[in-house]
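In what follows, a structure is listed as structure tokens, so that the remarks can point back to it.
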Ligand code: NOJ
């Protein structure tokens, strides 16, 4: 792969603690993950994104870091981590880790020192106010679970700022020492061999918080600085960022306006995610067509990361209230399935009623649209959720490897598991697991393997230009194309339940031996392109032409 490896990657995101437990203590660990690398290689994964791996009091699934220079002892030690990097590298898999530097845990020694005395060298590493800030109850990310962004600390006798939970005090980015420390953390892990970082909460990292000002200035130049730093340390290292901001702000996160990206390489496409969910809910591709049309031009080297589900709730906050209600009605009708008034805390398979056709359709769409696909562990076998777990934990249950006790995830007593395995009749581990699906050519897992292999043969997908093709189609059908120097692919996806016929005759002059390279079923050989049948919830990936 070239140094732009991230444009061709298939990223797989997992929590070490729920993936595979090698020592029987009920918590997944690095050795367990190493034992499953062959599985990931066979699936076609080329990049692992590990949710936070650091020591943590674990009050926000590890997003409350207590020591940036170590791994959580529950997972193993740095030696195990170095071995993971080596073993993954042997299989052509790169590893990126979560970089959570907007805040620390309140148990981090920096904060403990900072709060203990106004003279602490770490006092200014956090954001304080002598008086109660007027915006104390504004800007909460987790409404319902969090009711303020400024909390009074009795030991410090000041108010401290926390964009997220109150046990996650924000670091003070205005302090040059904090900036240097962030760079040092990056350098440390790059030196160990990670391929880059998934940067958590980027718009908040660069927020130069002023008490009382809910719209404090943002120092985007820090991102330029950080990018330069990591690129000098490791030329092909990548920043993949979470920046769920207004669409017109996104370009500033990719770069400072020059022709090349000089800030974040890849941004999660939250806008597309919400619109995809709406399109699937309404059986209507209009929102995807709009998204393709509205996509801002990216600077050279900038890339989207597409996803259907991640470790958080489906975030519908960028939709209108009416649109959001349509998605809720279809995919999360019960209040218990919803979160923070804006999201859905379910996995995709149950959201789609377990309908195999719709599940394939959704992923075929995700993987064929522009951007690098990111998959969450367990999606490839159609895992379900456990709504009896609190909040976002509903979708953070152990990976279902087999029908053995605890889904083959761990040999511990069930009461000692980090979280219970899903065991309901429909999505429970005895029905949905890797072992059952591994050798079954008709399984969802086998389908994912085929689909990812197909993607490998179609380099224009993801990194080439991606456009809507305006041709006569029945309701519910989307046609789009991907072009690159390697050739052209055309995709037909039917978001509706009824079969139909698509007329691609206007593409005939470009076509050389067009053929289906992936489809929901056997279709008659492509002859003339003026009447192509497409099944309800069907999809066809057609190679139109290949360039030498
Ligand atoms: C965004 C992460 O995706 C989420 O899981 C976490 O709770 C917050 N950032 C706080 O770090």
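Residue numbers (our numbering): 461 to 1008. The beta-carbon is built from N, C-alpha and C at its ideal position, and this holds for glycine as well.
Item, Value
"Taking DSSP's pairing of strands, which residues face residue 602 in a bridge?", "DSSP output for residue 602 lists no bridge partner at all."
"Please work out which residues of its chain come closer than 8 Å, Cβ to Cβ, to residue 689, disregarding the five sequence neighbours upstream and downstream, and give them in chain order.", "643, 646 and 647"
"Buried or exposed for residue 739, please, with buried defined as at least 16 other CB atoms from any protein chain shown within 10 angstroms of its CB.", "buried"
"Applying the 10 Å Cβ sphere with the 16-neighbour rule, what's the burial state of residue 972?", "exposed"
"Kindly say whether residue 827, judged by its beta-carbon, lies nearer than 8 Å to any beta-carbon of chain D.", "Considering every chain present, this structure includes no chain D. It has just one protein chain."
"Three or more beta-carbon pairs under 8 Å between the stretch 617-637 and the stretch 690-710, yes or no?", "no"
"So residue 638 packs on residue 585, CB below 8 Å; how close in whole Å?", "5 Å"
"Closest to residue 583 by C-alpha separation, out of 629, 603, 553 and 547, would be which residue?", "629"
"Could you check if residue 703 belongs to the surroundings of the ligand NOJ, using beta carbon to heavy atom distance under 7 Å?", "no"
"Could you check what DSSP says for residue 764 in three-state terms: helix, strand or coil?", "strand"
"Going by beta carbon distance, what residues of the same chain come within less than 7 Å of residue 711, once the five residues before and after it are set aside?", "756"
"Could you check the C-alpha separation between residue 781 and residue 803 for me, to the nearest Å?", "12 Å"
"Distance check for residue 534 and residue 477, CA to CA, integer angstroms please.", "8 Å"
"Residue ranges of each beta strand (DSSP E) run of no fewer than 3 residues wholly in the stretch 910-962, ordered along the chain?", "925-928, 937-944, 947-954 and 960-962"
"Among 801, 831, 737 and 861, which residue has its Cα nearest to the Cα of residue 809?", "737"
"Residue 836 and residue 770 look like a contact to me (Cβ under 8 Å); what is the Cβ gap, rounded to whole Å?", "6 Å"
"Return yes when at least one heavy atom of the ligand NOJ lies under 7 Å from the C-beta of residue 772, else no.", "yes"
"Check whether the Cβ atoms of residue 557 and residue 471 lie closer than 8 Å to each other.", "no"
"Short of 6 Å in beta carbon distance, which residues of its chain neighbour residue 674, apart from the five on each side in sequence? Order them along the chain.", "595, 598 and 599"
"If you pair each beta-carbon of the stretch 759-770 with each one of the stretch 716-724, do three or more pairs fall below 8 Å?", "yes"
"Measuring from the CB of residue 561, is there a heavy atom of the ligand NOJ at a distance below 7 Å?", "no"
"Ignore the nearest five residues each way along the sequence and tell me which others in residue 681's own chain have a CB closer than 8 Å to its CB.", "716"
"Just to check my reading of the structure: residue 565 and residue 574 have Cβ atoms closer than 8 Å, yes? What is that Cβ distance to the nearest angstrom?", "No, residue 565 and residue 574 are not in contact; Cβ-Cβ is about 12 Å, not under 8 Å."
"So, with DSSP's three-state summary, where would you put residue 883?", "coil"
"Assign residue 1000 to one of three DSSP states: helix, strand, or coil.", "strand"
"Quick one: grab the DSSP three-state call for residue 648.", "helix"
"With a threshold of 7 Å (Cβ to nearest heavy atom), would residue 1013 be considered close to the ligand NOJ?", "With the chain covering 461 to 1008 only, the question about residue 1013 has no answer from this structure."
"Could you check where the alpha helix (DSSP H) with residue 994 kicks off and where it finishes?", "Careful: residue 994 lies outside any alpha helix (DSSP H), inside the beta strand (DSSP E) at 992-994."
"Might you give, ordered along the chain, the residues of its own chain that have their beta carbon closer than 7 Å to the beta carbon of residue 497, omitting 5 neighbours on each side?", "547, 548, 551 and 553"
"Taking one C-beta from the stretch 912-931 and one from the stretch 821-830 each time, how about it: are there three or more such pairs within less than 8 Å?", "yes"
"Where are the beta strand (DSSP E) runs, 3 residues long or more, that stay fully inside the stretch 510-570, in chain order?", "554-559"
"Please find out if some non-hydrogen atom of the ligand NOJ comes closer than 7 Å to the beta-carbon of residue 521.", "yes"
"Less than 7 Å separating the Cβ of residue 661 from some heavy atom of the ligand NOJ?", "yes"
"Using only alpha-carbon positions, find the residue among 631, 545 and 952 that is nearest to residue 562.", "631"
"Quick check: the Cα distance between residue 758 and residue 713, rounded to an integer number of angstroms?", "11 Å"
"Pick from 541, 489 and 601: whose alpha carbon is nearest that of residue 650?", "541"
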